[in-house]
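From first to last, the protein sequence lines are chains A and B.
Note that this note's numbering has the first sequence beginning at 1414, numbered continuously upward.
Note that this note's numbering has the second sequence beginning at 9, numbered continuously upward.
By construction, the Cβ of each residue, glycine as well, lies at the ideal position given by its N, Cα and C atoms.
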Amino acid sequence: MASTPQMSQVLPSTTKPAELEYGGDEISALVLDPGTNTTRCGFAGEDTPKTCVPTSYGIIPDPEETKFLGKLKIGDNAIHSVIDGMEIRNPMHEGIVENWDVTTEIWRHCIEYRLSSRVEEHPLLVTEPIWNPLKKREKTTEIVFEDFNVPAYFLVKSAVCESFANTKGTALVVNVGHTYTSVTPVIDGIPLKKGSERTPLAGQHLTTQLRHQFSDLGIRMAPWLMIKTKAPYTDLTNPTPLRTRDYGFQPHQSFLELQQDRFIHEFKECISETWPKPKTFPTDINSVPESNRLLQDKAYEFPDGYQRRFGLDRCLAPESLFNPSVSPKPFTGETPKGIAEMIKDSIDHIDADARVTMLNNIVVVGGTSLLYRFNERLNEELMAMFPGPRVKIYSPGQIPERKYSAWLGGSILASLGAFHQLWISKQEYDEIGANIIERRAK
Amino acid sequence: MSGAVSDVRDVLGIDSTTLEPRQPPLKKQRTVEKRPDGITRELFALLGENAPPVAVVEHRFKDKPKFLGKVASWREQKFQNPARKDELELGHWVRQDPGAAVTTAADIPDEGTSGSAGEVVVGPKKQLEYQFSKFNIKINILEYSDAEYDTVLKDDDWSRAETDYLFNLIQSYDLRWLVIADRYEFPGKDRTMEDLKARYYSVCRNVMEMRTPVTMMSAEEGALYNAMHYNKEQEVERKRIVHMQLYRTPAEVEHEQHLIAELRRIHDSHSQLLEEREELFNRLDYPQSTGSIAAYQGSQGLATLAQNILNSDRNKKRKSIAAASGQPTASEKDDSKPTPAAASSSAAANAGSPTISRQGSIAEPSRTHGHQRTDSTASATASTPLKDKNKSNIKQLSKAEEVQYNLSHHDKLQPGVFFRTMKMNLPKANSFLNKSPAIMAELNIPQILSMPTSKTCAKYELLAKEIAALMDLRKQVEKVDQETKVFKAQEAAGENRTKRSASVMSDASRSSKRPKKEK
């Protein structure tokens, strides 16, 4: 059974590859990548997560229920059902778990219900953001061993996974996700703490800005779920009458906002666009003559039937990612730095010798980086900041790879033969306790 | 069929008696019209009310894949990783080769393995090394004892605890200084990477030196000892420069790129330049005289010498042509032209054409002013056979082409190198040599031509000749004026001489008109 040495030829399924040829050794591990927006879960060695569950959950407050203070609704179908009294909450904040009881339930839902796997049978790899505090890491370890009773477990920084998913051991990982944008330098698979930065300029920021922009225009923010019949109209001052669905009760405000987010999300995907050149976005978009706009209008119909053509104003919210001072909705506190400035800050924190390597290996991942021309703009910004060294951005072309990079890297890591010595076993946990995470997964 | 169904029911735990045997599905009735004769199948398919789609959909399952051999069996096996300190057992799938008795390195012999998947049964400890455990490599970091620390490693700035902490970090991050400097958090101290490196290398050097004195070290140890030398100030300065380098302005970057491109160009042309320079040196070289010159005292001896020099010169030029491999430089063009004899005759044929070539500048005055060169022309006609032979080989160029390629013909080539200005046929008269600088200065013409092409040389010669002629004339005029004055003085003395003096005067005025016009 000698395997062919040429890697170019795809081996037939009946032929066994050489043991060390790809370094893989599947031990049927599970990979869990919890995020504030969605929790991704699947089997190690696969190229996409098997399941992607929204981290937001529904709850019907019930003082009788002691543990969660209500009945939990987890999963896409449950949280988008119109249920009397159901509130939408999120157990996480900026990638850090706030409500452990619920998070445990969501993880269990992912593994046991969605993957139909028994959690105590599989080693479990969990990702975490770099700023995850020690207390939370220990708590994760505790839950994984005490509640889930896994045979082996490891906690890995998501930035490391993202660089591995893009075939880089050393990279500057820029993750433009839902609640935050983070920049993390990774050296030989070890993230640097001093050079890592984060900012709330990400997907949720875009949603907030767009929501503000729409309400400024006076658009009725009725979500799809609430509309029974509608008629198209273009004049905001004279809207057509709207018949809403009557569920017999008024859904909770948080539920309505979740539903509004769905069409705002669609707007982000279809209409929003990044202005391609740095420092050239017109300050007053309404005074720019039609001929000078450089981009074509795009039409969008809101759920209530309002149709509108969006010109330069569809670049406004994405522009605020790079230049937060143009945000339609002003910041409550200090105005954060733009994404490019943040990358520069991060580069400045790294040792002078490693900076050029970092600039040559910028990995951009995360769902919000899928904004049209986002990478083009980022490249322009960085080229203007660093005219000397070569700035090279690596970003996966496939949408799932971009969105689930952290999961994918974890999947690669957990299926590598050389990784299996790093797992923290139940035995080790029993001997040392939750603090083992600090010793083993630095 | 029914057996298979009951098997499935058994697996699913369904009691087969509770279920009624399902009715086989009714076969679909196909109504196929008979095709009349004479109409092809394809045409018939197109007829009727509802024409079938072009794609013929066959209602059958996909073909079974054809496997070449027997299906290999895979089995889940537990394994232990010797790189681990605990006894964690992980399971992976291992292929069972039906023929091979020996299993892969990581396998555990399956004796005693029960059928159930969840149970872990470890066979006798015949387990071989797990294949990936060989990647578990740790670097060797120097370790020091308490005594060693107390004798050579004490430092005012660094406590023992901090040094230990540093060495622990170095061990756990395998000398990745970027990471070590990032994770270094010793209470009360804020260290840069240079501080850490300086401490580490000084500790290593001191310990090494204490264990083995420098003079006793082996070559390897000595090399390592020298490699451990760390100059902190220099490193800090270097990083400062690296930092400056990163934040250059776009203009600086552009300028630098321009310089790099220029440097590359110079490098590329350097070898060519050297080659050309060497060739030039060869040309300027002259043979050193070593023997006595007595042999060349006579005219015959001189002629032999000239011939020898000419021959050696030719050989040299041939060599350089061969070396230049078909890229004749401006100076080499002279070699490719016809022999002097043929050239002079072809120049004679071109007589009357505008004098643009070097040959022309010499030949034309010789034709117009006296016929000194007639003998050379005669000798040329004597060697006509040679000329014809050469002509057949050489492509005849038109005059325009000769001008374009800067081709010139020569009467006679003087061997060796000379300046064109040296060959200019200038008037030799003393008066001219004395006065010409002043006149040239007045005309704004430099004494030494800055660009002595054959054209300018010819013009210059012409000018010099005219100046000489004019000076001659002025001298004549002065002389005649003087004479006139003398004659006028004598006029009073005698009437009979007046006629002659008048004729002389008219002569003088006629010749003095020209210089005025020229100036």
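Distance between Asp-1489(A) and Leu-1528(A), taken at the CA atoms: about 15 Å.
Around the beta carbon of Val-425(B), fewer than 16 other beta carbons sit within 10 angstroms, so the residue counts as exposed. Sequence-distant Cβ neighbours of Ser-1818(A) in its own chain, meaning closer than 6 Å and more than five residues away, are Glu-1575, Ala-1578 and Val-1778. Taking 3 residues as the shortest admissible run, the segment 1418–1478 of chain A contains the following complete beta strand (DSSP E) segments, listed from N- to C-terminal end: 1443–1447, 1451–1456, 1464–1467 and 1470–1474.
In this structure the segment 1523–1542 of chain A lies against the segment 1440–1448 of chain A, because at least three pairs of beta carbons, one per stretch, are closer than 8 Å. CA-to-CA, the gap between Leu-204(B) and Tyr-255(B) works out to about 26 Å. Inter-residue distance for Thr-1464(A) and Gly-1810(A) is about 21 Å (C-alpha atoms, whole angstroms).
For the segment 232–251 of chain B, the beta-carbon criterion of a distance under 7 Å to any beta-carbon of chain A is satisfied by Lys-247, Val-250 and His-251. Around Met-236(B), the same chain offers Tyr-209, Cys-212 and Arg-213 as residues with beta carbons nearer than 6 Å, after the five sequence neighbours per side are excluded. Asp-158(B) counts as exposed, since fewer than 16 other C-beta atoms from the protein chains shown sit within 10 angstroms of its C-beta. Residues of chain A whose Cβ lies closer than 8 Å to the Cβ of Ser-141(B) are, in chain order, Gln-1834. The Cβ atoms of Val-187(B) and Ile-1543(A) do not sit closer than 8 Å to each other. In the DSSP assignment, Val-215(B) falls outside any beta strand (DSSP E) and lies within the alpha helix (DSSP H) extending over 201–219.
In its chain, beyond the 5 residues on either side, Asp-1601 and Gly-1602 have a beta carbon closer than 6 Å to the beta carbon of Gly-1582(A). One Cα belongs to Thr-464(B), the other to Leu-267(B), and the distance between them is close to 39 Å. Arg-168(B) and Lys-162(B) have their C-alpha atoms roughly 8 Å apart. Rounded to the nearest whole angstrom, the CA to CA distance from Ser-416(B) to Gln-422(B) is 15 Å. Leu-313(B) and Phe-427(B) have their alpha carbons spaced roughly 22 Å apart.
Taking a C-beta cut-off of 9 Å against chain B, the contacting residues of the segment 1585–1614 of chain A are Pro-1598, Ile-1600, Asp-1601, Ile-1603, Pro-1604, Leu-1605, Lys-1606, Lys-1607 and Gly-1608, listed in chain order. Proximity of chain A to Val-261(B) at the Cβ level (cut-off 8 Å) is accounted for by Pro-1800 and Gly-1801, in chain order. Cα atoms of Ala-497(B) and Leu-457(B): separation of roughly 48 Å, rounded to the nearest angstrom. Put simply, the backbone Cα of Ala-1847(A) is about 12 Å away from that of Phe-1567(A). Under DSSP, Leu-1585(A) takes part in a beta bridge, and its partners are Pro-1598(A) and Ile-1775(A). The segment 1759–1779 of chain A makes no contact with the segment 1631–1649 of chain A, as fewer than three CB pairs between them are under 8 Å. Met-430(B) is outside the set of residues whose beta carbon lies under 8 Å from a beta carbon in chain A. At least one CB atom of chain B sits nearer than 8 Å to the CB of Arg-1768(A). Neighbours of Ser-1824(A) in chain B, taken as residues at a C-beta separation under 8 Å, are lacking, since the least C-beta distance is about 16 Å.
Of the candidates Asn-1736(A), Lys-1742(A), Ser-1740(A) and Thr-1770(A), the residue whose Cα lies closest to the Cα of Met-1755(A) is Asn-1736(A). Interface with chain A (8 Å Cβ-Cβ cutoff): Arg-207(B) is excluded. Taking the beta carbon of Pro-195(B) as reference, no residue of chain A falls within 7 Å; the closest one sits roughly 16 Å away. For the 8 Å CB-CB criterion, Ile-1492(A) and Asn-1545(A) do not form a contact. Nearest to Ser-1733(A) by C-alpha distance, out of Glu-1559(A), Ala-1854(A) and Gly-1616(A), is Gly-1616(A).
Of all residues in the segment 1433–1451 of chain A, only Leu-1433, Gly-1436, Asp-1438, Glu-1439, Ile-1440 and Ser-1441 place a beta-carbon less than 8 Å from a beta-carbon of chain B.
The alpha carbon of Gly-1724(A) has as its nearest neighbour, out of Leu-1708(A), Tyr-1470(A) and Thr-1650(A), the alpha carbon of Leu-1708(A). Residues of the segment 1496–1522 of chain A that bring their beta carbon within less than 7 Å of a beta carbon in chain B are absent altogether.
The beta-carbon distance between Thr-171(B) and Arg-219(B), rounded to whole angstroms, is 17 Å. This is too long to meet the 8 Å contact definition.
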